[in-house]
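For reference, the structure is listed below as structure tokens.
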Amino acid sequence: MHHFAYKKGVLHAEDVSLALIAAKVGTPFYCYSTATLARHLDVFRKAFGQMDTAVHFAVKANSNLAVLRTLANLGAGFDVVSGGELQLALKAGAKAADCVFSGVGKTKEELRYAVDVGVGQINIESESEMLSLSAVAAAAGKTVRVALRVNPDVDAGTHEKITTGKKENKFGIEWTLAPGLYRKAKSLPGLKPTAIAVHIGSQITDLAPFENAFLRVREMTLALRAEGIEIDHLDLGGGLGVPYDFSAAAPPLPAAYGQMVGRVFGNMGCKLSFEPGRVIVGNAGVLVAAVTVLKTGTAKKFAVLDAGMNDLVRPAMYDARHDIIPVREPAQGALQTKYDVVGPVCESSDKFATDAPLPALAEGDLVAFLTAGAYGATMSGTYNTRPLVPEVLVDGASWAVVRRRPTFDEMLALEQLPAWLK
Ligand SMILES: *Cc1c(COP(=O)(O)O)cnc(C)c1O
């Protein structure tokens, strides 16, 4: 459920008209709904009933400072995958102890920073990283709680570019190598291996791959405990999918996911933590764009928008689909026309939809991409020297620009001509 709906013929975010924001801010822009963020966090938390759980929002899904502050104020912790994200989470108001540091290629500088600020847990993904972290922690005179991120070798059944839990993927420690590395971690200074972490991919729309991975984690927990490695915490990652295509079967609800987690881990006496990203912010955000040009050929009608693949890369990168709807509510029974909805970027992959049925569009009309709150703005760039898209946060009848559009001079501020070209 989300709080984007037509009111008096115009698509609103909560109580604010997206047409009004477009008039004030210009298009394209991202818009996020506070009520939707709060609702998703609440539903996700409640899915686990009385179990001892913690939620660490995956910052890479949406790293806008105001979004993170909103979630921090609601008590969320954070899952970070770089030193920059850790710094951002702290700036958003998180306690370092409520942050988990994940990622396959943390640098020694990043590890040192995480140890210095006292991050709650570091998820180790290789033997090399384990040795580096031990050296860093011992030098700082600290002991760090660590998990090994294990690779359970299960197929998450998602797009190949967002599957992470098969042994061919770069992520995690290979299943059969993990027990030996736990023994080693236990013997190293500065490390306290108390947890197992697993994250098998993103936009997973079936509970079976999660359950298969979790059953393996359960088995490993029991085996490690039997040899005296006291695992008391399981970090079960993120990955739960959201509906992008409202005409397709809905992905499992958090409640069903929670019940499955309870079945697998209910009696383990472990604290459980989760790293959801998409399921919290996905449909808490939309991207609003305007139609720049309509172009009719013999085979196709193109609606060229002022938003491009640099602003929302998911369709080009993952063949992802977003529902695109007009901001002005179409009349009941309005005739539909099929459009290829494309961006202005000079790439054929800059295409959002093929033969999408839409009411007849006019140049200047506004459209909204639904479910654009996750991996939208965070993956955007400036290809074709296009400015980053502004971000707006709505809370009830209030709204604010929470990242403004940069000026041309700001976009160029880091560049300089060498002496011989001046
Ligand atoms: C990306 C990522 C997540 C979040 O995944 P979602 O599909 O957005 O829930 C969680 N944990 C780790 C380690 C990740 O890399």
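Each residue of the sequence shown is one higher than the one before, counting from 1178 in our numbering.
All residues carry an ideal CB built from backbone N, CA and C; glycine is no exception.
The model shown is predicted, which means the values in this text are computed figures rather than measured ones.
Among Val1244, Met1178, Leu1310, the one whose alpha carbon lies nearest that of valine 1571
Val1244
Using a Cβ-Cβ cut-off of 9 Å, state whether valine 1323 counts as contacting chain C.
No chain C appears in this structure, which consists of one protein chain only.
Beta-carbon separation of phenylalanine 1234 and proline 1420 under 9 Å?
no
How would you call glycine 1260, buried or exposed, if buried means at least 16 neighbouring beta carbons within 10 angstroms?
buried
Length of the line joining the Cα atoms of aspartate 1600 and leucine 1365
Given that the chain is displayed from residue 1178 to residue 1599, the structure contains no residue 1600 and the question cannot be resolved.
Leaving aside the five residues before and after leucine 1267 along the sequence, list all residues of the same chain whose C-beta is less than 7 Å from its C-beta, in chain order.
Closer than 7 Å at the Cβ level, and outside the excluded window around leucine 1267, lie Ala1273, Val1294.
Following the continuous alpha helix (DSSP H) through histidine 1217, name the residue where it begins and the one where it ends.
1211-1223
Stretch-stretch touch, CB-based, cutoff 8 Å, three pairs: the stretch 1513-1530 with the stretch 1441-1457:
no
Here's the rule: buried if 16 or more other CB atoms are within 10 angstroms of the residue's CB, otherwise exposed. What is alanine 1314?
buried
Can you tell me whether leucine 1325 is helix, strand or coil according to DSSP?
strand
Tell me whether threonine 1398, by its Cβ, gets closer than 8 Å to a heavy atom of ligand 1.
no
Continuous beta strand (DSSP E) assignments of at least 3 residues falling wholly in the stretch 1321-1371
1321-1328
Would you list the one or two residues that DSSP bridges to glycine 1378?
Thr1340
Just confirm the distance between the C-beta atoms of tyrosine 1560 and arginine 1491, as a whole number of angstroms; I'd bet it's less than 8 Å.
Wrong, their Cβ atoms sit about 15 Å apart, outside the cutoff.
If we require 3 or more residues per run, which beta strand (DSSP E) segments fall completely within the stretch 1232-1269?
1254-1257
Any heavy atom of ligand 1 closer than 8 Å to the Cβ of threonine 1341?
yes
For cysteine 1523, does the count of other Cβ atoms within 10 angstroms reach 16, so buried, or fall short, so exposed?
exposed
Suppose you measure from the CA of tryptophan 1597 to the CA of aspartate 1586; what does that come to, to the nearest Å?
Rounded to whole angstroms, the gap between the alpha carbons of tryptophan 1597 and aspartate 1586 is 22 Å.
So if DSSP puts isoleucine 1299 in a beta bridge, which residue, or which two residues, is it bridged to?
Phe1278, Val1323
From the DSSP secondary-structure annotation, give me the bridge partner or partners of glycine 1462.
Tyr1209
So cysteine 1121 and glycine 1252 are in contact, right, with Cβ under 8 Å, and what is the actual spacing, rounded?
Here the chain comprises residues numbered 1178 to 1599, so residue 1121 is not present and cannot be evaluated.
Count the other C-beta atoms from every protein chain shown that fall within 10 angstroms of the C-beta of proline 1595, then say buried if there are 16 or more, exposed otherwise.
exposed
Give the DSSP-derived three-state secondary structure of phenylalanine 1423 in the structure shown.
Of the three classes helix, strand and coil, the one that applies to phenylalanine 1423 here is coil, per DSSP.
Taking the straight line between their C-alpha atoms, what separation do you get for arginine 1222 and leucine 1413?
14 Å
Measuring straight from C-alpha to C-alpha, what distance separates tyrosine 1183 and leucine 1242?
28 Å
Inter-stretch contact (C-beta, 8 Å, three-pair minimum) for the stretch 1373-1390 and the stretch 1330-1337:
Touching, yes.
Using CA atoms only, rank isn't needed, just tell me which of Tyr1359, Leu1482, Thr1555, Lys1237 is closest to glycine 1416.
For glycine 1416, the closest C-alpha among the options Tyr1359, Leu1482, Thr1555, Lys1237 is that of Lys1237.
Is it true that the stretch 1529-1537 meets the stretch 1496-1515, where meeting means three or more beta-carbon pairs spaced less than 8 Å apart?
yes
Hey, how far is the Cα of threonine 1531 from the Cα of histidine 1180?
27 Å
Answer yes or no: the CB of alanine 1456 versus the heavy atoms of ligand 1, is any distance below 8 Å?
The question names alanine, but residue 1456 is valine in the sequence shown. Because some heavy atom of ligand 1 lies under 8 Å away, the Cβ of valine 1456 counts as near it: yes.
Assigned exposure category for lysine 1477 - 16 Cβ within 10 Å defines buried
exposed
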